[in-house]
Amino acid sequence: MQLASSGGRRLRHAALATRKLVLEAERTVTRKELSAAARDAGKALDLRPAQRAVLSELVACWGEQEWERLLVWPSNDYLMSRTGLTERAIRRILRQLIDLQLLAPKDSPNGKRYAVKDLAGQVVDAFGFDLTPVYARRGDWAVMLMEQKQLREVQKRAFDEVTICRRATEEALSALAEHFPEVDRTAFEGELKSLQARTPARSKVTLPADLLEAWQLLRTQVEEAFFEAGNAGLGVRHSNNNNGSPSEPCNNGFPKKAEAVRSTEQTPEHLSPELILEACPTLSDYGQPVRDLADIVSAGRYLRASLGAHESAWAEAVEEIGTVRAAIAVIYTLQLYEDDVAKNGGESRIKNPAGYFRALTRMVKAGKIDLAVELLAMRRRRMM
Numbered sequence: 001m002q003l004a005s006s007g008g009r010r011l012r013h014a015a016l017a018t019r020k021l022v023l024e025a026e027r028t029v030t031r032k033e034l035s036a037a038a039r040d041a042g043k044a045l046d047l048r049p050a051q052r053a054v055l056s057e058l059v060a061c062w063g064e065q066e067w068e069r070l071l072v073w074p075s076n077d078y079l080m081s082r083t084g085l086t087e088r089a090i091r092r093i094l095r096q097l098i099d100l101q102l103l104a105p106k107d108s109p110n111g112k113r114y115a116v117k118d119l120a121g122q123v124v125d126a127f128g129f130d131l132t133p134v135y136a137r138r139g140d141w142a143v144m145l146m147e148q149k150q151l152r153e154v155q156k157r158a159f160d161e162v163t164i165c166r167r168a169t170e171e172a173l174s175a176l177a178e179h180f181p182e183v184d185r186t187a188f189e190g191e192l193k194s195l196q197a198r199t200p201a202r203s204k205v206t207l208p209a210d211l212l213e214a215w216q217l218l219r220t221q222v223e224e225a226f227f228e229a230g231n232a233g234l235g236v237r238h239s240n241n242n243n244g245s246p247s248e249p250c251n252n253g254f255p256k257k258a259e260a261v262r263s264t265e266q267t268p269e270h271l272s273p274e275l276i277l278e279a280c281p282t283l284s285d286y287g288q289p290v291r292d293l294a295d296i297v298s299a300g301r302y303l304r305a306s307l308g309a310h311e312s313a314w315a316e317a318v319e320e321i322g323t324v325r326a327a328i329a330v331i332y333t334l335q336l337y338e339d340d341v342a343k344n345g346g347e348s349r350i351k352n353p354a355g356y357f358r359a360l361t362r363m364v365k366a367g368k369i370d371l372a373v374e375l376l377a378m379r380r381r382r383m384m
């Protein structure tokens, strides 16, 4: 066996900490189990490729002995031949793995790495590296990976919301230019360019904390400017004189196709009829083809009675969040109710769908719920 010197080794706190990690009593760890734990450790700690390569080769040296510690003793020459790294790189990476509490060095009296054999030639001990921490800390790796997954999901939702706000802002500015060219858009366009320059690519892990709020504020300001221009500065409120019965039956025939959706209620592509159909198959109860937003509005008006919601609830929703989003809120609420019934064996936790619809409308208006994000999540769950 060719032995390689590990050189002088300074005492490290990480090395002492890893020695305290132990395996379960009478636990024999297979190479497959150790390899899986090493892969999780590499992901959890975001190891570089060279570090993963060295750790992988150390794991491959484990002989599945029935020992209390997972000891391996490969020489630097062996690791160099297996990884293609220089000896200097091997030494540096081994120190880094020790600092990360993945390895615990077990040095021999002369600083060499070798196995200790009994008179029968059986290996009974060894001097080299202890891989016990890699396997003993597998619970840590699971927690770290879960936290990373949750962070990625939070960041994804934040980037999705930024995209929604950007598209809505661009659409509102385009509508302003088309319908109200006399309105000064210079400040809005300047702020839009500034935010676009500040917004990082999705490949970046972190979104600046104040950036999402800035996008939401700009969207609100531009849409409010469009609204005020359309009202000529007057706060005109919708007046509803419909005194229909709250027990209106669902079989009065399909409503006529809704009038063309006004420009102020045009929704961006993330609220397309295709997305709504994929997320909410309950639209099949409408019984008519759904091809555009006007059909969505007609379906929402028709299915409103299925929730047991009074006509006044529909009028309130239209006034608060617009006709299109009111219709989508109806369809979304009905789909949630039916999914809950199917999931819970005929019973639903939503005891009052009409009340849920009213509450949903208010949360959408307050910005606490984004219908586009919820529909995307519903479609994703349905596709799993």
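Under the UniProt record's numbering, the sequence shown has 342 at position 342, and the numbering climbs by one with no breaks. Beta carbons are placed, not taken as given, at the ideal position from N, Cα and C, and that holds for glycine. Because the structure is a prediction, the values reported are computed rather than measured.
Looking at the structure shown, is residue i part of a helix, part of a strand, or coil, going by DSSP?
i: residue 130; result: strand
i: residue 290; result: coil
i: residue 118; result: coil
i: residue 281; result: helix
i: residue 368; result: coil
i: residue 104; result: strand
i: residue 29; result: coil
i: residue 47; result: coil
i: residue 85; result: coil
i: residue 240; result: In this predicted model, residue 240 has a pLDDT of only 45, less than 50, meaning its place in the structure is not dependable; the value taken from the coordinates is given anyway. Of the three classes helix, strand and coil, the one that applies to residue 240 here is coil, per DSSP.
i: residue 339; result: helix
i: residue 311; result: helix
i: residue 375; result: helix
i: residue 299; result: helix
i: residue 350; result: coil
i: residue 77; result: helix
i: residue 137; result: coil
i: residue 200; result: coil
i: residue 165; result: helix
i: residue 322; result: coil
i: residue 66; result: coil
i: residue 206; result: coil
i: residue 272; result: coil
i: residue 263; result: Here residue 263 scores only 42 on pLDDT, less than 50, and its place in the model should not be relied on; the value that follows carries that caveat. Three-state DSSP puts residue 263 in a helix.
i: residue 256; result: Summary for residue 256: the model assigns pLDDT 43, below 50, so the residue's position carries little reliability; its value from the coordinates is reported in the next sentence. Coil.
Could you round the C-beta distance between residue i and residue j to whole angstroms and report it? I think they count as a contact, below 8 Å.
i: residue 358; j: residue 313; result: 5 Å
i: residue 364; j: residue 329; result: 6 Å
i: residue 62; j: residue 79; result: Not really, about 14 Å apart at Cβ, beyond 8 Å.
i: residue 54; j: residue 90; result: 7 Å
i: residue 386; j: residue 72; result: The structure shown does not extend to residue 386, since the chain is modelled only from 1 to 384, so the question has no answer here.
i: residue 112; j: residue 129; result: Rounded, the Cβ-Cβ distance is 13 Å, inconsistent with contact.
i: residue 223; j: residue 172; result: 5 Å
i: residue 273; j: residue 290; result: 6 Å
Within its chain, find whatever has a CB closer than 8 Å to the CB of residue i; leave out the 5 residues flanking it on each side and keep chain order.
i: residue 371; result: 271, 325, 328, 329, 332, 364
i: residue 116; result: 123, 124, 125, 126, 127
i: residue 264; result: Because residue 264 carries a pLDDT of 44, less than 50, the predicted location of this residue cannot be relied on, and the following value inherits that uncertainty. Excluding positions up to five away in sequence, the list reads 175, 226, 227, 230, 322.
Measure from the alpha carbon of residue i to the alpha carbon of each residue in the options, then state which is nearest.
i: residue 175; options: 227, 64, 114; result: 227
i: residue 74; options: 379, 181, 288, 114; result: 114
i: residue 315; options: 353, 335, 301; result: 301
i: residue 156; options: 202, 286, 121; result: 202
i: residue 286; options: 334, 71, 94, 213; result: 334
i: residue 140; options: 37, 353, 349; result: 37
i: residue 50; options: 212, 376, 96; result: 96
i: residue 288; options: 209, 303, 279; result: 303
i: residue 70; options: 42, 31, 45, 85; result: 31
i: residue 278; options: 118, 376, 146, 99; result: 376
i: residue 57; options: 337, 367, 39, 110; result: 39
i: residue 68; options: 135, 110, 360, 86; result: 135
i: residue 308; options: 47, 379, 352, 98; result: 352
i: residue 160; options: 199, 274, 322; result: 199
i: residue 177; options: 148, 217, 225; result: 225
i: residue 207; options: 317, 383, 158; result: 158
i: residue 179; options: 230, 190, 191; result: 230
i: residue 366; options: 217, 193, 380; result: 217
i: residue 322; options: 48, 362, 108; result: 362
i: residue 389; options: 282, 147, 45; result: Nothing in the structure corresponds to residue 389, since the chain is present only between 1 and 384.
i: residue 276; options: 109, 108, 379, 209; result: 379
i: residue 317; options: 211, 295, 280, 360; result: 360
i: residue 45; options: 185, 280, 209, 99; result: 99
Name the DSSP bridge partner or partners of residue i?
i: residue 183; result: None; residue 183 has no bridge partner.
i: residue 71; result: 130
i: residue 125; result: 116
Leaving out five residues before and five after residue i in sequence, what residues of the same chain have Cβ atoms less than 6 Å from its Cβ?
i: residue 66; result: 28
i: residue 219; result: 165, 168, 169
i: residue 191; result: 218
i: residue 183; result: 176, 229
What does a CB cutoff of less than 7 Å around residue i pick up in its chain, not counting 5 residues either side in sequence?
i: residue 356; result: 333, 350
i: residue 214; result: 195
i: residue 52; result: 42
Quick check on residue i - is its C-beta less than 8 Å from some C-beta in chain C?
i: residue 324; result: Looking for chain C here will not work: only one protein chain is present.
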